[in-house]
Each structure stands twice: as C-alpha cells, then as structure tokens.
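J.: What the sequence shown shows, in my numbering, is residues 717 to 1049, in sequence order.
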Amino acid sequence: MPPFFRHPASLEHDTGHGHPERADRMRAIEAELESREWLGWGPREAPAASEEQLLRVHPAEYVERVRDMSSRSEAFDMDTPTSPGSHEAALRAAGGACALVESLLGDGERTGFSALRPPGHHAEWARAMGFCLFANVAIAARHALDSLGAERVLVLDWDVHHGNGTNTIFHGSREVLFVSIHQFPFWPGTGALEDVGEGEGEGYSINLPVPQGTGEAAFLSLVEHIVLPVARQYRPDLILISAGYDAHRNDPLGGLALDTASFAAMSNRMRALGQELDAPVGAVLEGGYDLTSLADSVAETMAALTRGPPQPEVARHPLAGAAAGVLGRYWDL
Ligand SMILES: [Zn+2]
C-alpha cells in the first residue's frame, strides 16, 4: 500500500488572513482523498525531521533561526510569515519527505506522496523565502544519498515557480539531477534555460522555462523529449517530484494552463520511467492555491502513480527543440 505522509501540525502553520499558502489546502486535499477512500493508499503520520537530516542541507544557525522566528511569529519576508506552530510544521514537512524516501528505498514501496506544508523548493541553504522554510525535497534527496544507499537522485519540479532552492543547493553536484519546468519570466526570476549548473554539476541542472499561457502540449513534450531521455542516460536510483499544482489553469497565482488531467499524464510518464529504470517515484507537495484544482490534481497524481495504461507519444513542441539546442551539449537529445 503506497504511503501518504501527512500530519496535523501542517494545520498549525498560520500564515495569516488572506495568504494563499494556508491550512485549508491540507483540508481540501484530505477531504478529497477521504471521499475516494484514499485511493487505496495508506495515510501515515509524518515524523519530525531529525537534526542530522536538516543539517545536511541547512547550517545550524539557520535551523535555530527558524525555531526562534517561529516562536516570535516573525516574518522572513512579506511572503513568508511564521507563527508558533510553524517550526513543528516545517519539521514534519521535511520529515515526511525523508520518511517517504525511506519507504521507497528501505521498505520497497514503488511510490508514495508526502503532502505537508510549508512547501520547500524556494528555501535555500540559509534563506527562507516564497512560503518555504526548510528545503524539504533537497533534505529528502540528501537523506537518500547519505543514509539509504542512493547514488543518483532525479528531481522533477513541475511547480509553476522555479525551484530556486533545490537548484542552488545542488548547483555544483552530480548526485542530484534537478529538472524544473516553470513559468518564465516570473517570480523568483531564476531558472533560465542557460542555467545548467556549475563545476562538477555543469549539465546536471536542467531549467526548462515556459512563457505565460503554456499548457499541456508543451509540458508533456518537455517531459517526453527532455526529461525521459536525460533520465535514461542519468539512471537515477530514486525519482522525486516537487509536485506543485499552481501551473493549473485555475490557479490564482500562476499564469499557465495545465488541466487536472495534465498532472495525471505527467505522473503516468514518471511511473513508466520508474518502472523502466527500476527506480521508485515519490511526490512531495509544493504549491497549488486553487483548493478544488489542488485537491483533484493531487488525487489524480496518486491514481496515475499507481495505475493506468501507457500514454501515447506527443508531438515535439518548439520549446523542447529550443531546450535540446542548449542541453544537447551534455545529453544525447
Ligand atoms: Zn509555486
């Protein structure tokens, strides 16, 4: 039974009235899953991340600072407020992602989901931003590498915003191949196609910016014509999805045009990739602010990660051609 990590601490991270990254996101997701009998998945309580897990990515002073700021309900910036419950929520969000990779690499589960808040992909090694406190996916990837025997981790980030945190944390590393499809130009401003990583990690950061209004045809082509061939050459031991749902056409923050079924179509391809490469596939929640679209899309992601026939091939989109022009220096595309 695939695990679905959650925790009531996610409800106690109070971002204040009118903030899009709110506790109702969790309630909407869980109500939808409840109505579908959790799709046969097993809800599990996320543990708190250990100090050791956090310190592989964040410096001790920063971890301490999140605790202090939270106890005083101080904001890191206008977007990133805290409350007394934020510290525990952030520990559980990072811990859920770590527990997910333990299920995948330790217990032999083929897929799973960690659906907690705050999200993590904007958090840099010593900087909270963009609703994010700890870098959940980066911490989970490090845990897989340092404690669970993984040698290569592929992270696909399909949140509408560039995952600047994950990108910068692994910018000089080959141990994590970070791929992000995101609206551009858009907040936070990073993630140009030419940003391919640096030093040893050159070629191992893959940024796939797409213009406002982009929809499913381009996303599926980028997955099929860039992500899949690169992944086959990289041969990851673990595939993680930074699963944000703010590229949905109904999202109030994003400007892209994916449908609920688009997330299922991408998930289906990642499941097939995982089967082909014998690598489990775990999803970690990032953004997504239209409650109905968020809840439906999470459920459809989970369904597609466990079942469904293979998807037909899609036509090569011009954006995939442009990306191949730059990334062809590093990968056979
Ligand atoms: Zn986002």
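From the three backbone atoms N, C-alpha and C, an ideal C-beta is built for every residue, glycine too.
Name the DSSP bridge partner or partners of Ser830?
T.: The partner list for Ser830 (beta bridge, DSSP) reads Phe721, Val1000.
J.: Taking the beta strand (DSSP E) that Glu657 belongs to, which residues open and close that run?
T.: There is no way to answer for residue 657, as the model of the chain reaches only from 717 to 1049.
J.: Can you tell me which residues form a DSSP beta bridge with Thr796?
T.: BP columns for Thr796 point to Asp793.
J.: For Ser766, which three-state DSSP category applies?
T.: Looking at Ser766 - three-state DSSP - the assignment turns out to be coil, as it is neither helix nor strand.
J.: Can you look up Asp1012 in the DSSP assignment and give me helix, strand or coil?
T.: Asp1012 falls in the helix class under three-state DSSP.
J.: Here's the rule I'm using: 16 or more other beta-carbon atoms within 10 Å means buried, otherwise exposed. How should Gly929 be labelled?
T.: Exposed, since its Cβ has fewer than 16 Cβ neighbours within 10 Å.
J.: For Ala857, count neighbouring C-beta atoms within 10 Å of its own C-beta (all shown protein chains included) and say buried if the count is 16 or more, exposed if not.
T.: Buried: at least 16 other Cβ atoms inside 10 Å.
J.: Taking 7 Å as the cut-off, does the CB of Val1000 come closer than this to any heavy atom belonging to ligand 2?
T.: Absent from the structure shown: ligand 2. Ligands present: ligand 1.
J.: Flag Val926 as yes when its Cβ comes closer than 7 Å to any non-hydrogen atom of ligand 1, and as no otherwise.
T.: Checking every heavy atom of ligand 1 against the Cβ of Val926, none is found closer than 7 Å.
J.: Assuming Phe894 is part of the alpha helix (DSSP H), what are its boundary residues?
T.: Segment 892 to 899 is the beta strand (DSSP E) holding Phe894; no alpha helix (DSSP H) there.
J.: Any heavy atom of ligand 1 inside 7 Å of the beta-carbon of Val876?
T.: For ligand 1, at least one heavy atom lies less than 7 Å from the Cβ of Val876.
J.: By Cβ distance, which residues of its chain are closer than 6 Å to Ala854, with the 5 residues on each side in sequence left out?
T.: Cβ neighbours of Ala854 beyond the five flanking positions: Val773, Thr882, Ile885.
J.: For Pro901, count neighbouring Cβ atoms within 10 angstroms of its own Cβ and tell me buried if that reaches 16, exposed if not.
T.: Its Cβ having fewer than 16 others within 10 Å, Pro901 is exposed.
J.: Do you know how far the Cα of Tyr961 is from the Cα of Ser1009?
T.: About 8 Å.
J.: Just to confirm before moving on: does the CB-CB distance between Ser1013 and Phe979 stay below 8 Å?
T.: Yes, Cβ-Cβ distance for Ser1013 and Phe979 is below 8 Å.
J.: Any idea if Trp757 is buried or exposed, counting beta-carbon neighbours within 10 angstroms, 16 or more meaning buried?
T.: Per the 10 Å Cβ criterion, buried.
J.: Quickly, what does DSSP pair Cys848 with across the bridge? List them, please.
T.: Cys848 pairs with Met845.
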